[in-house]
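Heads up, the sequence shown is in the numbering used here, so the first residue is 9 and it goes up one at a time.
Following: one structure in structure tokens, then a few remarks.
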Amino acid sequence: MQKEPSLKNSPTMKEQPLIGSASALTQRIKKTARAVGFDRVGITRLENLAGGERAILDWVRQGRNGAMKYLADFRERRRSFFDKFGDAKSIIVLGVNYYQPSQKNPRPRSRPPLAGHIARYARGLDYHEAIARRHKILIERLSVFAGKDFHAESCVDSRPLPERYAAFQAGLGFVGKSTALLSPSFGPWLFLSEIVTNLELVPDSPDKGTCGSCSRCQKACPTGALDRDYQMDARLCIAYLTIEHKGTVPPGLREKIGDRLFGCDECLSVCPYANRSKPASWKEWGPSQGCGEWLDLKKLFGISSNAQYEKMFSGTALLRIDRKKMLRNACVVLANSGKRAALPYLKKALSDPSPLVREQAREVRLKTQDPGLKTQDL
Ligand code: B12
Ligand code: SF4
Ligand code: SF4
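Here's what the structure looks like:
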């Protein structure tokens, strides 16, 4: 497990400011980023993002963003971010491997009898926080040698940047038909983030990889969300339905969610590039951190308030949603389990304080794996 670097270990001010070419500065930045713990680092220029920005606008025009308003507002958010920044020139694109092998038979984290599956990216600690902490260290270190006018902004997920496109341009990998950025070294299991800066750096070349004739992800997607090459309809994606979607899960999609309680990894797991995975080195994604692969649905129904939910999942990405959305998802997974043991929890959900949970419990129907179970049992 890699030791987390600290500000204390950073180079001292005794170190001389670098006087040299953009190429030497670029190399030094890359070396520093690797020392801070980033598995992949590449450089692109602001003007190289135009293709990715157009793709987002076009995608939103087709309504494929569903209710994700922050993507509908992309153009305005981008303008405001870069106007405020002023002289942005280069983008340092960083990749962090988050792959953890599925635990075979761990105790006490084995699969509970009524369990919901958590996508790999959310099993450890919240990646936004973990990556932002390392960005802070990296920016501090860069400011020692990058010159007195150095200016940088940290971007993890929420800034108006097409992160996959930026990573493709910076040579970290290529965008597959699943829409994921596939790294030749780590497959699809890379978190992406960027440091936007006013430094003149030497850009890398875009990655040349392709999917070829493969279409495994499109065939494996349970809901048909990958209906076009390199583009998804987010309204159908289980990651969207379990995290971003606000109402009850529409019939027809509910059943396809299966046991997925938070996010979905199907299109990533079937990808041939997934075989390139290596266990992550950041302790934040280690097996002793976060919530792990399975959540006990019975325990979820014991959470009576948002405050209790926040306390239970503090520091994890599960706080991207609140208690009511988590219990909505749990109702869907319970119903999909088709198990008689699910009934008491669905009955409890019918009188939950949240209208969303009550509504979802009413809408779901237990699958009839057990011939004795009838809809009226609810
Ligand atoms: C909104 C969003 C979602 C939405 C929509 C996803 C989507 N495919 O658009 C939902 C909620 C469904 C989602 C799901 C997931 N997400 Co998400 N998401 C984002 C977010 C915030 C914005 C993405 C966006 O703008 N989408 C709009 C589309 C149009 O843009 P795009 O996918 O970025 O790129 C398109 C174009 O640029 C163009 N393109 C780019 N390069 C190239 C090259 C060529 C040759 C071509 C033809 C096209 C092309 O095609 C791409 C696909 O349409 C980003 C962070 C960010 N700021 O970028 C994270 C991000 C994309 N998500 C991420 C992750 C981890 C996930 C999940 C794996 C989580 C999970 N397990 O449940 C799933 C993966 C599902 C999937 N197959 O994409 C990572 C992806 C890392 C990686 N290695 O790819 C990101 C980058 C977050 C991060 N900081 O690491 N996500
Ligand atoms: S994350 Fe799941 S639902 Fe979404 S596109 Fe991939 S396989 Fe389909
Ligand atoms: S599964 Fe095949 S088509 Fe899909 S992203 Fe991976 S290589 Fe590309």
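Just so it is clear, CB atoms sit at the ideal spot from N, CA and C, and this is done for glycine as well.
Exercise for the section: Enumerate in chain order the residues of its own chain whose CB-to-CB distance from N73 is below 7 angstroms, with the five nearest sequence positions on each side excluded. Expected result: W67, L79, A80 and A242
Problem - Cβ-heavy atom distance, K216 to ligand 3, below 6 angstroms - result: no
Practice task
Give the straight-line distance between the Cα atoms of S31 and R167, rounded to the nearest whole angstrom.
Solution key: 27 angstroms
Practice task
Report yes or no: do the segment 327 to 346 and the segment 215 to 232 share at least 3 C-beta pairs separated by less than 8 angstroms?
Solution key: no
Exercise for the section: Answer yes or no: the CB of C279 versus the heavy atoms of ligand 3, is any distance below 6 angstroms? Expected result: yes
Exercise for the section: Indicate whether A41 and L146 have their beta-carbon atoms separated by less than 7 angstroms. Expected result: yes
Problem - Helix, strand or coil at L261 according to DSSP, with G and I counted as helix - result: coil
Handout entry: Closer than 6 angstroms: T250 CB and nearest ligand 2 heavy atom
Key = no
Exercise for the section: From the DSSP output, in three-state form, read off S289 for me. Expected result: coil
Exercise for the section: Using the Cα positions of P361 and L200, report the straight-line distance between them to the nearest angstrom. Expected result: 38 angstroms
Handout entry: Same chain, Cβ closer than 8 angstroms to S359, five either side skipped, listed in chain order
Key = R366
Practice task
Using DSSP bridges, identify the partner residues of Q368.
Solution key: DSSP lists no partner for Q368.
Practice task
For E274, count neighbouring C-beta atoms within 10 Å of its own C-beta (all shown protein chains included) and say buried if the count is 16 or more, exposed if not.
Solution key: buried
Handout entry: Buried or exposed (CB count within 10 angstroms, at least 16 for buried), N113
Key = The predicted model places N113 with a pLDDT of 48, which falls under 50 and marks its position as unreliable, so this point remains unresolved.
Practice task
Mark S118 as exposed unless 16 or more other C-beta atoms lie within 10 angstroms of its C-beta, in which case mark it buried.
Solution key: exposed
Exercise for the section: Along the beta strand (DSSP E) that carries L305, what are the first and last residues, could you check? Expected result: L305 -> not in any beta strand (DSSP E); alpha helix (DSSP H) instead, spanning L305 to L308.
Handout entry: For V341, the three-state DSSP class (helix, strand or coil)
Key = helix
Handout entry: Cα-Cα separation between E252 and M76, rounded to whole angstroms
Key = 7 angstroms
Practice task
Put L335 into one of helix, strand or coil per three-state DSSP.
Solution key: helix
Problem - Delimiting residues of the beta strand (DSSP E) encompassing E318 - result: Here E318 belongs to no beta strand (DSSP E); instead the alpha helix (DSSP H) covers N314 to M320.
Practice task
For L54, collect the residues of the same chain with a Cβ closer than 8 angstroms to its Cβ; drop the 5 residues on either side in sequence, then sort them by chain order.
Solution key: F90, A96, K97, S98, I99 and V204
Problem - Residue from G60, D47, V372 and K38 with nearest C-alpha to Y238 - result: G60
Handout entry: Where P114 falls: helix, strand or coil (DSSP)
Key = Note that P114 scores a pLDDT of 48, beneath 50, so its modelled location is shaky; the value from the coordinates is reported in the next line. It is coil, neither helix nor strand.
Practice task
Could you please give the first and the last residue of the uninterrupted beta strand (DSSP E) stretch that includes G184?
Solution key: Per DSSP, G184 belongs to no beta strand (DSSP E) and is neither H nor E.
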